[in-house]
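So in the numbering used here, spot 279 of the sequence shown is number 422, and the numbers just go up one at a time. Every residue gets a Cβ at the ideal spot worked out from N, C-alpha and C, and that includes glycine. Notes to accompany the following structure.
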Amino acid sequence: MAGPRKPKPAPPKGPSTTLVLDNGASTIKAGLIHSSTIPSEPRIIPNVIARDRTRKIYVASELEKCRDFGEIQFRRPVEKGFIVNWEAQKEIWDREIFEREEFEPKDARLILAEPPNGLPILQANCDQIVFEEYGFASYYRGIGSTFNAYHDVQNIFRTPQEAPTVANTPAEAVMVIDSGYSHTTITPVLRGQPLQSAIKRLDVGGKVLTNYLTRLISLRHFDMRNDTYIVNEMKEISCYVSADFKADLEKSWKGTRGERRPDYLSGGGIAKDYILPDFHTRFKGTLVDYDPARHSKSRKLAAQSEEDALTLRNERFTVPEILFNPSDAGIRQPGLADLVYESLQELPIGLWPALLANIIVVGGNTHFD
Numbered sequence: 144m145a146g147p148r149k150p151k152p153a154p155p156k157g158p159s160t161t162l163v164l165d166n167g168a169s170t171i172k173a174g175l176i177h178s179s180t181i182p183s184e185p186r187i188i189p190n191v192i193a194r195d196r197t198r199k200i201y202v203a204s205e206l207e208k209c210r211d212f213g214e215i216q217f218r219r220p221v222e223k224g225f226i227v228n229w230e231a232q233k234e235i236w237d238r239e240i241f242e243r244e245e246f247e248p249k250d251a252r253l254i255l256a257e258p259p260n261g262l263p264i265l266q267a268n269c270d271q272i273v274f275e276e277y278g279f280a281s282y283y284r285g286i287g288s289t290f291n292a293y294h295d296v297q298n299i300f301r302t303p304q305e306a307p308t309v310a311n312t313p314a315e316a317v318m319v320i321d322s323g324y325s326h327t328t329i330t331p332v333l334r335g336q337p338l339q340s341a342i343k344r345l346d347v348g349g350k351v352l353t354n355y356l357t358r359l360i361s362l363r364h365f366d367m368r369n370d371t372y373i374v375n376e377m378k379e380i381s382c383y384v385s386a387d388f389k390a391d392l393e394k395s396w397k398g399t400r401g402e403r404r405p406d407y408l409s410g411g412g413i414a415k416d417y418i419l420p421d422f423h424t425r426f427k428g429t430l431v432d433y434d435p436a437r438h439s440k441s442r443k444l445a446a447q448s449e450e451d452a453l454t455l456r457n458e459r460f461t462v463p464e465i466l467f468n469p470s471d472a473g474i475r476q477p478g479l480a481d482l483v484y485e486s487l488q489e490l491p492i493g494l495w496p497a498l499l500a501n502i503i504v505v506g507g508n509t510h511f512d
């Protein structure tokens, strides 16, 4: 007679720690989750290695210690949204994540966000680094836009009538517009899965906008082609998306030759003065209200001037407008609104109402007013 059946051994416990990485071209968003504690706020880390004019090197968050950003040079591991320089990327990960956080990769799982339609060779390189260099216990690499479907979408668009009965369930349908440093993508997501045939990409991101503003300022004011860091800060605090582009353009127009229109002289509510940093008494630029007297005095008392100021007029709204009209910067692609329509054209018309009713806009370029 057979003896009692032996109970099956319990399966091994999975990793208790999860590292979530959104490895952007400009910044890394990193969060560490322990099963036994409440998740802490994610860290935002500059994804860059920089060298100032004295040849001092700054890696990632060390950039906060830099006091002179004039002519600073950057080396970025990510180009066009994809990791292409693993030597630099590994140095940043090691210093900012694995040396600071108290966990062992072999006892943790990794969730890594990536842009859509990645090249297989780049994905294989990433997988190799994750397992062979770091030895994570488990690993998931997914399209970053799809993770937004697991956000509390109900609270974004309307107040829920009752608490959800199923936890961690993706939204039924969302249209995610992700506009970051390298590019802008439109990703329709159905029940947490991207609809690949309808994903669209616009090669306009924060880098293109900064370069365009640099060109405008260098033509109209000072040569700032070697000061893109300063121009990028200027863009982030001064630019906005115009609700009426033609009206704002009219207000900021100087007029015909020899004419000085009242709106132009007064600033028209658009003009702002940007006080440039001198890296001795001012380490950050500041945006102040336009003052015509400031510029007349600077012309008369140039030798005694204690600050360099440049006036931003239509630059404030023509730069973000490139997202909607890339041809303004010589980019032969449809604008953002047209790409959303092209994305919908790839899908059954029955999905359109749900997607258009649930649009999520994320990324650094969404911070424009």
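- Counting only residues of its own chain and dropping the five nearest sequence neighbours on each side, residue 226 has a CB closer than 8 Å to the CB of 166, 220, 232, 265, 268 and 269.
- If you look at residue 429, you'll find it in the beta strand (DSSP E) that goes 429-432.
- DSSP places residue 499 inside the alpha helix (DSSP H), whose first and last residues are 495-500.
- Taking a C-beta distance under 9 Å as the contact criterion, residue 370 and residue 213 qualify as a contact pair.
- Assigned with DSSP and collapsed to three states, residue 378 falls in helix.
- Counting only unbroken stretches of 3 or more residues, the beta strand (DSSP E) elements lying wholly within the stretch 207-291 are 216-218, 251-257 and 281-286, in sequence order.
- Take the alpha-carbon of residue 422 and the one of residue 210: they are about 6 Å apart.
- Of the candidates 424, 282, 319 and 188, 188 places its Cα closest to the Cα of residue 237.
- Annotation for residue 430: 380, 381, 415 and 417 place their beta carbon closer than 7 Å to its own, counting only its chain and skipping 5 residues before and after.
- In this structure, residue 324 sits near residue 349, with a CB-CB distance shorter than 9 Å.
- With 16 or more other Cβ atoms inside 10 Å of its own Cβ, residue 256 counts as buried.
- Between residue 462 and residue 356 a beta carbon distance of about 5 Å is seen, short of the 8 Å cut, so the two are scored as contacting.
- Following the DSSP letters along the chain, one finds residue 361 inside the alpha helix (DSSP H) bounded by residues 349-363.
- Residue 336 is not a Cβ neighbour of residue 259, given a cutoff of 9 Å.
- DSSP places residue 486 within a helical segment (H, G or I) once states are collapsed to three.
- By the neighbour-count definition (other C-beta atoms within 10 Å, threshold 16), residue 277 is a buried residue.
- Annotation: residue 368 is outside any alpha helix (DSSP H) and is labelled neither H nor E by DSSP.
- Note that the C-beta distance between residue 319 and residue 511 is not below 9 Å.
- Residue 192 carries a strand assignment under DSSP once its states are collapsed to helix, strand and coil.
- Residue 476 sits close to residue 346, with the two beta carbons spaced by under 9 Å.
- With a 10 Å radius around the Cβ and a threshold of 16 neighbouring Cβ atoms, residue 287 comes out buried.
- In this structure, DSSP gives residue 339 a helical state, which the three-state scheme calls helix.
- Rounded to the nearest whole angstrom, the CA to CA distance from residue 262 to residue 499 is 29 Å.
- The three-state secondary structure of residue 169, taken from DSSP, is coil.
- Taking 9 Å as the cut-off, the Cβ atoms of residue 158 and residue 252 count as close.
- For residue 383, the secondary structure class from DSSP, reduced to helix, strand or coil, is coil.
- Take the alpha-carbon of residue 502 and the one of residue 394: they are about 32 Å apart.
- With at least 16 other beta carbons inside 10 angstroms of its own, residue 459 counts as buried.
- Between residue 341 and residue 317, the C-beta spacing is not below 9 Å.
- Bounds of any alpha helix (DSSP H) do not take in residue 452; it lies within the beta strand (DSSP E) bounded by 452-455.
- For residue 160, the pairing in a beta bridge is given by DSSP as 177 and 251.
- In the structure shown, the three-state DSSP call for residue 459 is helix.
- In the structure shown, the three-state DSSP call for residue 437 is helix.
- When the beta-carbon positions are compared, residue 351 and residue 474 come within less than 9 Å of each other.
- Taking 9 Å as the cut-off, the Cβ atoms of residue 478 and residue 322 do not count as close.
- Residue state for residue 389 is assigned as helix, using DSSP reduced to three classes.
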